[in-house]
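One structure is given below, encoded as structure tokens.
Residue numbers (the numbering used here): 154 to 667.
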């Protein structure tokens, strides 16, 4: 048994690992290293990967320089030139956050993807409604122009109607409904060059287990892989203070029963001098938001991550408690609808007959997914900017920083309340964004919450240090391998106490073998 670590080393996110056993090879996540990407790129300085395939991401350390992983149509210039690996049999995908799934579009088309049904539904919805997730489910196969560059760049060659090919996806927990299965194989666009679609199936490889866990996105799971050396358990991202903490607790018990040879564990919240105690809960965030909404005048805006459907549900409950209607953008509504087709009993969602959809002014043409949404939810109330402004005191509008330019059209004269339910800024760029946000809010008479005197309106998607340490104590692996952490060394005192080997990857390509 051997595990190769390509990313997620000494940093938060970007997990990319390859677990090899005698009869198979499994990728454990294949995400975008957002921190490293932000060191080189911003909104105006973008990668030219659309022209050069994997060449630039490999050169900039955003993809492993390994042969055998990547799509042939992305191998411009003969890249990569690093060591060769046999093409993995499967990707075990823990959840749909970009730092775990964002680089899947580069992988060879035959790599099977195993994840929960909820993760599959959310990934497909995000692929249809945004440009970020293109190629994660349905690949537009690339062609090169006379210069050897991928077509559709620098304005020289119009984007061709090239072949589209489905990736093989498998639901780890249950079979999809007929409706979700039908949507899965539907076309993303009206283009003609589609290969035969691949159904979304229900399966897991032999010797692989999965456990649903609590995280700041529905559909998150941990995996266990049985190898000739014993079980290897991978936590993905998890926490114990959300609405589904009992799922994480069940995972901890069941993983412990396997007596794992190795536990690959996240350590996002580990930081010198930080309290090890558990944090506030999602329900406390809901109750604080409801209190603010009850006393607010004018429009209430709720600003939180689009993918955090648990937070969306709790904001819906807070809006109901304050006699307001939750209003969400169309792309959020599409994501919510797809999620509703995959939701388990643990994944609570708003009721469509009690929300409204925001329809801003637009000069663009209707996209295929918008037409689908009209078919899916024909009876859900639609609100244009003048209707939002006229009924501001009765609404909670879910928009964020990148929708600030909607305020001139929706803000009432009396202003309103902006509830920011996201993590606090942790770098200079984020601090500048908050400063700009507050300038907008001052212009339109909005109060920003929480202020310095108020309790936070956000809780982490990651386990507290105390809960991480308790997880290690409960599972008791022979070897602990921390990733997704800036301070993995903080596990060392605990490992010494328990007599557990601590193995920390130091650089991309490091291998743990038994």
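Each residue gets a CB set at the ideal place from its N, CA and C atoms; glycine is no exception. Keep in mind it's a predicted model, so treat the numbers as computed, not measured.
Query: Whole-Å CB distance - residue 383 paired with residue 413, under 8 Å assumed; Result: 7 Å
Query: Own chain residues within Cβ distance below 6 Å of residue 264, not counting five before or after; Result: 241 and 244
Query: Three-state secondary structure (DSSP) of residue 387; Result: strand
Query: Residue 490 beta carbon less than 7 Å from that of residue 529; Result: yes
Query: Neighbourhood of residue 631 by C-beta, 6 Å cutoff - its chain only, sequence neighbours within 5 removed; Result: 414
Query: Nearest residue (CA-CA) to residue 214, options 225, 221, 224 and 194; Result: 194
Query: Assigned secondary structure, residue 156 (DSSP; H/G/I helix, E/B strand, else coil); Result: strand
Query: First through last residue of the alpha helix (DSSP H) which encompasses residue 208; Result: 208-212
Query: Limits of the beta strand (DSSP E) - the one that residue 452 falls within; Result: 452-456
Query: DSSP state of residue 376 mapped onto helix, strand, coil; Result: strand
Query: Validate contact between the segment 355-367 and the segment 584-591 using beta carbons, cut 8 Å, 3 pairs; Result: no
Query: Member of 603, 592, 497 and 454 whose CA lies at the smallest distance from the CA of residue 553; Result: 454
Query: Identity of the residue in 170, 176 and 166 nearest residue 185 by Cα; Result: 166
Query: When 325, 326 and 319 are compared against residue 336, the one with the closest alpha-carbon; Result: 319
Query: Beta-carbon proximity check, residue 423 vs residue 618, cutoff 7 Å; Result: yes
Query: CA nearest to the CA of residue 237, picked from 662, 666 and 667; Result: 662
Query: Residue 291 versus residue 615: straight-line alpha-carbon distance, rounded; Result: 30 Å
Query: Range of the contiguous beta strand (DSSP E) that encloses residue 478; Result: 478-482
Query: Per DSSP, the bridge partner or partners of residue 363; Result: 376
Query: Outcome for residue 650 when other beta-carbon atoms lying within 10 angstroms are tallied against a minimum of 16; Result: exposed
Query: Exposed unless 16 or more other CB atoms sit within 10 angstroms - verdict on residue 524; Result: exposed
Query: For residue 551, three-class secondary structure by DSSP; Result: coil
Query: Own chain residues within Cβ distance below 6 Å of residue 685, not counting five before or after; Result: Here the chain covers residues 154 to 667 and nothing more, so residue 685 does not appear.
Query: Beta-carbon contacts of residue 164 that lie in its chain and below 6 Å, excluding the five residues immediately before and after; Result: 188
Query: Residue 268 in three-state terms, based on DSSP; Result: strand
Query: Inter-residue Cα distance where the pair is residue 604 and residue 351; Result: 50 Å
Query: The segment 364-381 / the segment 395-413 touching (three or more Cβ pairs under 8 Å); Result: yes
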